[in-house]
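Counting the sequence shown from 1 gives a position; the numbering used here is that position plus 634.
We treat Cβ as the ideally placed atom computed from N, Cα and C, and that holds for glycine.
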Amino acid sequence: MKATNLITMIALIPLCLSCTQRSYLAEDDIQVLNQQTVGSNLWYDEAYELVNGIEHRITNPNLLRSVYEFYYPVVVVETPIFLGSVLEEKSILNGLLKPVGSSLDCKDSIRISFSFPAETYVIKPTLASLRETIVKATNGKNFSGKQSQRFMYRFKQIYSYKELNIAFGAKVAIGSFFHIEGKSDEVALSHNTAMYIDFGQTYFNVIMDFPEDGNIFKNEEVKRKFLGVNPVYINLINYGRKGIILVESDVDYSKLSLAVRAAFKAKVVDGELNLDVQHKEILSKANIVICIVGGFGDGQVATVRGFDAFEDYIINGGVYTNEVYGVPISFSGAYAKDNDLFVSTVEL
635 MKATNLITMI
645 ALIPLCLSCT
655 QRSYLAEDDI
665 QVLNQQTVGS
675 NLWYDEAYEL
685 VNGIEHRITN
695 PNLLRSVYEF
705 YYPVVVVETP
715 IFLGSVLEEK
725 SILNGLLKPV
735 GSSLDCKDSI
745 RISFSFPAET
755 YVIKPTLASL
765 RETIVKATNG
775 KNFSGKQSQR
785 FMYRFKQIYS
795 YKELNIAFGA
805 KVAIGSFFHI
815 EGKSDEVALS
825 HNTAMYIDFG
835 QTYFNVIMDF
845 PEDGNIFKNE
855 EVKRKFLGVN
865 PVYINLINYG
875 RKGIILVESD
885 VDYSKLSLAV
895 RAAFKAKVVD
905 GELNLDVQHK
915 EILSKANIVI
925 CIVGGFGDGQ
935 VATVRGFDAF
945 EDYIINGGVY
955 TNEVYGVPIS
965 FSGAYAKDND
975 LFVSTVEL
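Here it is, written out as structure tokens:
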């Protein structure tokens with residue numbers, strides 16, 4: 635695969651939160667909760683999961699809306715993430731990761747566990763300590779190292795580039811990731827039809843216990859010092875690979891979405907792009923830009939063009955071993971003030 639414009643960042647899976655109706659999407663242990671509010675956009679038009687080559691439709695009907703809430707906003711900076719790190723809430727909402735205080739302000743140790751069979755560990759809340767523990771756990775006798783066969787993809791028609799913020803779960807610099815000149819909320823679509831596809835594979839996750847005394851900081855005095863920035867601490871990280879694809883075409887949406895779905899099924903089920911003439915022609919003429927994170931364990935996001943490049947990544951990039959186990963693709967957080975779940979909001 636020839637990748638251009640390599641961007642180092644960490645991509646997080648955006649999952650929608652619901653207060654009124656719950657729909658559970660079977661992506662490992664992740665629960666997808668859909669909020670219903672009034673607006674002008676649907677969450678996803680279709681959602682599918684491929685497990686061991688078998689496709690399952692997991693689409694959930696949604697009401698129209700313009701406000702979206704997420705458990706997992708996308709982060710588009712080089713700042714590394716680790717369990718127990720504390721961030722400013724506003725910086726996450728803006729697609730950034732700004733630390734709060736220093737390691738001296740937080741607990742000396744946290745207890746963590748893995749989604750695969752492994753013992754629990756007590757570690758320092760630092761990047762180095764987390765990495766050392768992951769290496770130890772993935773080299774344990776209970777780590778199988780088998781390739782994840784669970785692959786989820788969801789897609790949605792869009793009418794402006796700013797709607798791509800929904801896929802990231804935060805207000806981010808859309809233009810830099812998809813080579814769009816000008817502001818994303820002002821530039822018109824370059825083709826009659828546009829859609830994005832959100833896809834990913836989660837290999838495993840690491841989660842930390844809540845602090846025994848309910849305080850991620852050293853003590854109450856330190857916590858009070860930082861409450862003004864509404865600090866959020868990371869309590870779960872998913873490892874794997876993920877990507878967001880922008881597809882633009884002059885054919886109507888029904889034909890384009892059918893071609894995209896056929897391509898995904900062909901890649902995962904057959905191991906190669908086995909499309910009929912019509913679908914292949916539609917995709918070969920479409921303008922496709924993909925932001926992909928993980929799969930080779932290098933922690934980098936590649937921005938690539940064309941469906942051939944995407945096919946190459948899907949076929950060759952799904953390595954899952956104790957040496958190559960993906961990169962952080964998503965995390966969840968909790969508010970330091972009360973340990974409630976952190977939620978990000980995007981309003982179009």
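Outcome for residue i when other beta-carbon atoms lying within 10 angstroms are tallied against a minimum of 16
i, result
"H913", "buried"
"A807", "exposed"
"E957", "exposed"
"V666", "Confidence in V666 is poor, its pLDDT being 33 and thus under 50, which makes the residue's placement too unreliable to answer from."
"A828", "buried"
"E797", "buried"
"A897", "buried"
"Y793", "exposed"
"P751", "exposed"
"V594", "Residue 594 is absent from the structure shown; the chain starts at 635 and stops at 982."
"A762", "exposed"
"N773", "exposed"
"G862", "exposed"
"S918", "exposed"
Spatially closest choice to residue i from the options, by CA coordinates
i, options, result
"F965", "D946, L890, V866, I926", "V866"
"L870", "K919, G967, V881", "G967"
"D739", "K790, A970, N853", "N853"
"S743", "N728, F716, I726", "F716"
"V756", "K775, D974, E797, M842", "M842"
"D972", "F844, F833, T836, V894", "F844"
"F618", "G735, K741, R765", "Outside the modelled stretch of the chain, which goes from 635 to 982, sits residue 618, for which no answer is possible."
"A943", "V961, G877, L892", "G877"
"F785", "T767, P751, R875", "R875"
"G718", "E945, Y959, K741", "K741"
"I856", "K775, A970, D974", "The amino acid occupying residue 856 in the given sequence is Val; Ile does not appear at that position. Measuring from the Cα of V856, the nearest candidate turns out to be A970."
"G809", "R788, V821, D974", "V821"
"I924", "N908, S978, F833", "F833"
"R788", "N776, F777, A801, D847", "A801"
"T937", "P714, T772, F812", "F812"
"N908", "A920, N921, K919, A893", "A893"
"S891", "V911, F976, I916, D910", "I916"
"P759", "P714, L975, D974, S978", "P714"
DSSP-derived helix/strand/coil call for residue i
i, result
"P648", "Caution is warranted here: a pLDDT of 43 is assigned to P648, below 50, making its placement in the model unreliable, and the coordinate value is therefore given only provisionally. DSSP places P648 in coil when its eight states are reduced to three."
"N748", "Here the sequence assigns Phe to residue 748, which means Asn is not the residue at that position. Residue state, collapsed to three classes: strand."
"F851", "strand"
"T772", "helix"
"S883", "strand"
"N921", "strand"
"I715", "coil"
"L823", "coil"
"K876", "strand"
"A968", "strand"
"D974", "coil"
"F802", "helix"
"Y837", "strand"
"E1043", "In this structure the chain extends from 635 to 982, so residue 1043 is not present and cannot be described."
"L870", "strand"
"T767", "helix"
"F785", "strand"
"K724", "helix"
"D910", "coil"
"Y830", "strand"
CB-CB length for residue i against residue j, believed under 8 Å
i, j, result
"N849", "E723", "The Cβ separation is near 17 Å, so there is no contact."
"I618", "I814", "Residue 618 is absent from the structure shown; the chain starts at 635 and stops at 982."
"S824", "E753", "Contact flag wrong, Cβ pair sits at about 53 Å."
"V840", "I746", "6 Å"
"N872", "I963", "6 Å"
"I926", "F941", "Actually they are not in contact, since the Cβ atoms of I926 and F941 sit about 13 Å apart, beyond 8 Å."
For residue j and residue i, the rounded distance between their alpha carbons
i, j, result
"R939", "L730", "26 Å"
"S737", "S888", "52 Å"
"P733", "K899", "41 Å"
"F860", "G735", "8 Å"
"K805", "S725", "11 Å"
"G929", "F838", "A caution first: G929 carries a pLDDT of 49, below 50, which makes its placement in the model unreliable, though a value can still be read off. Near 13 Å, if we compare the C-alpha coordinates of F838 and G929."
"I768", "Q835", "18 Å"
"K775", "F851", "35 Å"
"E945", "E846", "47 Å"
"F858", "F777", "Strictly speaking, residue 858 in this sequence is Arg, with Phe absent from that position. Whole-angstrom Cα-Cα distance: 41 Å."
"A771", "I868", "20 Å"
"G960", "V911", "34 Å"
"K790", "S978", "20 Å"
"N799", "N728", "11 Å"
"L975", "Y795", "29 Å"
"R895", "G803", "23 Å"
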